[in-house]
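Student: Protein sequence lines correspond, in order, to chains G and B. For the first sequence, the numbering used here gives the first residue as 1, with consecutive numbering after it. For the second sequence, the numbering used here gives the first residue as 258, with consecutive numbering after it. Think of the CB as a built atom: it goes at the ideal place given N, C-alpha and C, for glycine as much as any other residue.
2 protein chains.
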Amino acid sequence: MRASGRLVIVGLGPGEPHWLTPAARAALEGASDLIGYGPYLDRLGDLRPDQRRHASDNRVELERARHALTLAAEGRRVAVVSGGDPGVFAMAAAVFEAVEGGDPAWAGLDIHVEPGVTAMLAAAARAGAPLGGDFCAISLSDNLKPWEVLEKRLAAALSADFVICLYNPISRARPWQLGRALAIAREHRAPETPVIFARAVGRADEKLTVVPLAEAAGGLADMATLVIIGASTTRCVLRPAGERPWVYTPRSYGGGR
Amino acid sequence: MRASGRLVIVGLGPGEPHWLTPAARAALEGASDLIGYGPYLDRLGDLRPDQRRHASDNRVELERARHALTLAAEGRRVAVVSGGDPGVFAMAAAVFEAVEGGDPAWAGLDIHVEPGVTAMLAAAARAGAPLGGDFCAISLSDNLKPWEVLEKRLAAALSADFVICLYNPISRARPWQLGRALAIAREHRAPETPVIFARAVGRADEKLTVVPLAEAAGGLADMATLVIIGASTTRCVLRPAGERPWVYTPRSYGGGR
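1. Confirm, please, whether the CB-CB distance from L71(G) to V276(G) is below 7 Å.
2. Whole angstroms is fine: what's the gap from C393(B)'s alpha carbon to C165(G)'s?
3. In chain B, which residues lie with their C-beta within 7 Å of the C-beta of S139(G)?
4. Would you grab the beta carbon distance between R443(B) and L470(B) for me? Rounded to a whole angstrom, and I think it's under 8 Å.
5. Could you tell me which chain B residues have their CB closer than 7 Å to the CB of D85(G), listed as they occur along the chain?
6. Check whether the Cβ of L319(B) lies closer than 6 Å to any heavy atom of the ligand FMN, and answer yes or no.
7. For the alpha helix (DSSP H) that contains S416(B), what are its first and last residues?
8. Can you tell which of F197(G), L182(G), R199(G) has the C-alpha that lies nearest to the C-alpha of P191(G)?
9. Examine chain G for any beta-carbon lying closer than 7 Å to the beta-carbon of H324(B), and answer yes or no.
10. List the residues that DSSP assigns as beta-bridge partners of G36(G).
11. What does Y510(B) touch in chain G if you count any residue whose Cβ is under 8 Å from its own?
12. Assuming L178(G) contacts G83(G) under a Cβ cut-off of 8 Å, what Cβ separation, rounded to an integer in Å, is found between them?
13. How many Å lie between A204(G) and W19(G) at the Cα?
14. Pull up the DSSP beta-bridge partners for R492(B), would you.
15. Do C493(B) and P426(B) have their C-beta atoms closer together than 7 Å?
16. Going by other Cβ atoms of all chains shown within 10 Å of its Cβ, with 16 needed for buried, is R59(G) buried or exposed?
17. Run the CB neighbour count on A260(B), radius 10 Å, all protein chains shown included, and call it buried at 16 or more, exposed below.
18. By Cβ distance below 8 Å, which residues in the same chain neighbour I184(G) in space, the five residues on each side in sequence not counted?
19. Once you ignore the five residues that flank A73(G) on each side, which residues in its own chain have a CB closer than 8 Å to its CB?
20. Any Cβ of chain B within less than 7 Å of the Cβ of E187(G)?
21. Measuring only the C-alpha atoms, how far is G202(G) from E286(B)?
22. What do you get for D161(G), buried or exposed, if any count of 16 or more other CB atoms within 10 angstroms of its CB means buried?
23. Beta strand (DSSP E) containing L231(B): first to last residue?
24. Thinking C-beta only, is L465(B) closer than 7 Å to R383(B)?
25. Could you tell me which of G385(B), R309(B), M480(B), A322(B) sits nearest to P432(B), measuring between CA atoms?
26. Please decide whether T278(B) counts as near chain G, where near means a Cβ-Cβ distance under 7 Å.
27. At a CB-CB cut-off below 8 Å, which residues of chain G make contact with F454(B)?
28. Please identify, using Cβ separations under 8 Å, the residues of the region 491 to 508 of chain B that lie next to chain G, in order along the chain.
29. Would you tell me roughly how many angstroms separate the C-alpha atoms of L378(B) and R333(B), rounded to the nearest one?
30. Alpha carbon to alpha carbon, how far is I266(B) from H369(B)?
31. Does any C-beta atom of chain B lie closer than 7 Å to the C-beta of K152(G)?
32. Can you grab the Cα-Cα spacing for the pair R64(G) / L238(G), in whole Å?
33. Which residue wins for smallest C-alpha separation from E61(G), given the options E97(G), R48(G), D85(G), L34(G)?
34. R6(G) by DSSP, collapsed to three states: which one?
35. In three-state terms, what does DSSP make of V287(G)?
What follows is the structure, given as structure tokens:
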């Protein structure tokens with residue numbers, strides 16, 4: 001009889017170890033095999049001699065998920081390592097997709113998702129409180145869905161006045177999508193609407209830029225950037241000279257309070 | 258000259274201390290004054306003799322924010338304590354609102370937001386990966402915005418096929434809103450769409466219920482519940498008898514992949 005393995009999908013948070021939850025750290029320490037995109041595994045530092053490292057490319061999520069499930073089915077204690085929160089545009093969905101399409105025995109495995117601080121929460125915290133009202137999260141990675149679906153979602157979110165968080169805003173293979181998304185936003189929102197470009201929050205090369213929508217451009221983002229487009233109610237609070245304003249969205253809306 | 262105080266708005270995460278980030282713990286330890294809704298402060302256990310506890314009712318957020326700012330302006334090191342993530346329907350927006358409408362000196366204070374794992378991430382992790390596709394977060398608390406705004410946002414999110422997270426779904430003062438939201442969802446989504454009722458995730462009385470939209474009813478939620486309504490693509494993965502199915506939203510959509 002086969003030993004029963006375990007698979008945990010772990011979110012490292014946005015960068016700094018001080019945002020890694022104790023539960024996520026315990027899950028990493030309890031693993032015999034750690035699987036993930038190389039740079040995420042690098043963030044863990046040296047592993048113990050009894051731990052095995054399985055680094056992979058960022059583009060082979062489903063393959064990586066199947067590898068993790070195969071190891072777990074062999075009785076290993078596997079941690080799939082993800083940045084931020086593993087359930088938000090990351091590895092958790094890929095694992096369940098692999099379970100559904102794979103070996104029927106995989107559905108009997110002990111699979112656990114360990115949440116983390118996702119990028120939009122860290123970016124929002126740095127900027128102030130832009131997510132104080134209703135908001136949505138959209139991945140601009142259109143290799144997984146048609147661009148028409150994205151345009152429809154953007155237009156719906158803009159017309160219903162959600163704050164909008166854009167994950168995966170730009171890459172070499174997707175150079176124009178963010179610019180187009182900002183152009184759509186300009187059709188619905190005032191030119192002075194605050195837009196936040198939060199790059200590598202929690203890492204040494206962190207950079208936060210706040211510009212009015214009229215000046216927002218795709219060139220302000222790279223692959224490590226999270227973009228937040230304010231709602232009509234999102235505001236800047238000015239601070240003493242030289243300091244970046246705080247951006248927040250009031251809790252009340254229109255006739256409320 | 259007044260000593261310069263500090264104000265940090267801290268997210269405790271969804272319940273268990275093992276989801277409290279080290280950065281949030283350090284912020285709490287560095288505080289001279291801890292301000293918050295009583296049950297959140299209770300989660301901290303005993304404070305040090307040099308720390309002061311300021312418990313308040315949950316409904317006086319702006320008043321609590323002003324109190325915190327007043328103490329910080331007096332030179333105290335103040336932590337405003339929030340559940341989950343302080344930027345998501347919690348205290349951070351109230352603090353910046355108070356800054357904007359208050360003593361001009363407050364805009365010169367050192368104010369910092371410390372992110373945390375918000376309820377929808379913990380609920381999603383327990384259920385599988387329902388937030389694997391684009392999603393939105395809506396607070397059903399309509400004492401802060403007109404119900405018409407909420408209906409419009411729900412309809413927009415449903416028509417553009419977002420996964421929908423509902424915060425503050427029900428309370429004694431808001432008994433019918435969740436039932437109405439589910440009825441609107443039934444106009445747009447198939448009866449078998451998975452709906453997750455995640456109650457008190459990370460606490461001793463945690464309870465997770467997954468039902469098809471056709472059977473989803475307001476009575477399955479209470480004030481401590483986070484509700485997630487699947488998108489058209491959200492699926493259940495069946496497990497061996499007696500175990501709750503996993504719920505996930507595939508990363509790809511329609512013609513993608």
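Tutor: Let's see:
1. In the structure displayed, chain G extends from 1 to 257; residue 276(G) sits before or after that span and is not available.
2. Using only the alpha carbons, I get a separation of about 10 Å.
3. Under a criterion of Cβ atoms nearer than 7 Å, the residues of chain B adjacent to S139(G) are, in order, D391.
4. Right, the Cβ-Cβ distance comes to about 6 Å (below 8 Å), so this counts as a contact.
5. Neighbours of D85(G) in chain B, taken as residues at a C-beta separation under 7 Å, are given in chain order as L378.
6. No copy of the ligand FMN occurs in the structure displayed, which carries no ligand at all.
7. 404 to 416 is the extent of the alpha helix (DSSP H) around S416(B).
8. Per the Cα distances, L182(G).
9. Contacts with chain G at 7 Å (Cβ-Cβ) do not include H324(B).
10. Answer is A55(G), V81(G), bridged to G36(G).
11. Scanning chain G for C-beta atoms nearer than 8 Å to the C-beta of Y510(B) yields L144, K145, P146, V149, reported in chain order.
12. At roughly 20 Å, the Cβ-Cβ gap does not stay under 8 Å, so L178(G) and G83(G) are not in contact.
13. Pairing A204(G) with W19(G), the inter-Cα distance amounts to about 14 Å.
14. Residue pairing for R492(B): DSSP places it in a beta bridge opposite Y505(B).
15. Taking 7 Å as the Cβ cut-off, C493(B) and P426(B) do not qualify as a contacting pair.
16. Looking at its Cβ environment, which holds fewer than 16 other Cβ atoms inside 10 Å, R59(G) is exposed.
17. The predicted position of A260(B) is uncertain, since its pLDDT is 46 and thus under 50; no value can be drawn from it.
18. Scanning its chain for C-beta atoms nearer than 8 Å, with the 5 sequence neighbours on each side dropped, one finds around I184(G) the residues E151, L154, A155, L158, in chain order.
19. For A73(G), where only same-chain residues beyond five positions count, the Cβ hits under 8 Å are R2, G5, D103, A105, W106, L109.
20. For E187(G), the answer is no, since every Cβ of chain B falls outside 7 Å of its Cβ.
21. One C-alpha to the other measures close to 20 Å.
22. By the C-beta density criterion, D161(G) is buried, having at least 16 other C-beta atoms within 10 angstroms.
23. Nothing can be reported for residue 231(B), as the shown portion of chain B is limited to 258 through 514.
24. A contact, by the Cβ cut-off of 7 Å.
25. Nearest C-alpha to P432(B): M480(B).
26. T278(B) belongs to the set of residues whose beta carbon lies under 7 Å from a beta carbon in chain G.
27. Result: empty, since nearest Cβ-Cβ is about 17 Å, beyond 8 Å.
28. Cβ contacts with chain G come from R492, V494, L495, R496, P497, W503, Y505, T506, P507, R508.
29. Between the alpha carbons of L378(B) and R333(B) lies a distance of about 33 Å.
30. Computed Cα separation, rounded: 6 Å.
31. Residue contact with chain B for K152(G): present (Cβ-Cβ distance below 7 Å to some residue of chain B).
32. For R64(G) and L238(G), the distance between alpha carbons rounds to 46 Å.
33. Nearest C-alpha to E61(G): E97(G).
34. Three-state DSSP puts R6(G) in a strand.
35. The structure shown does not extend to residue 287(G), since chain G is modelled only from 1 through 257, so no value can be given for it.
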